[in-house]
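In the working numbering, the protein residues as written are 24 to 70. In this text, a Cβ means the ideal position worked out from N, Cα and C, and glycines have one as well. These numbers were taken from a predicted model, which means no experiment stands behind them. All remarks here apply to the structure that follows.
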């Protein structure tokens with residue numbers, strides 16, 4: 024069975040910490056799905 028990770032977040036802004044989490048997930052899972060959402064309670068930097 025394939026191991027799939029779901030990484031949700033607003034990623035606004037995308038940081039080195041986000042990149043670190045994704046790189047580590049790629050070594051542990053067969054597939055990594057990034058779910059980008061909007062956080063209405065957080066003022067966006069880029070959106």
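Would DSSP call residue i helix, strand or coil?
i, result
"residue 20", "Nothing in the structure corresponds to residue 20, since the chain is present only between 24 and 70."
"residue 67", "coil"
From residue i to residue j, what distance separates their C-alpha atoms?
i, j, result
"residue 66", "residue 38", "16 Å"
Kindly indicate which residue of the options has the alpha-carbon position closest to the one of residue i.
i, options, result
"residue 56", "30, 41 and 62", "30"
"residue 26", "46, 50 and 34", "50"
"residue 24", "48, 60 and 54", "54"
How far does the beta strand (DSSP E) with residue i in it extend, from its first residue to its last?
i, result
"residue 31", "27–32"
What are the boundary residues of the alpha helix (DSSP H) that residue i is part of?
i, result
"residue 50", "39–51"
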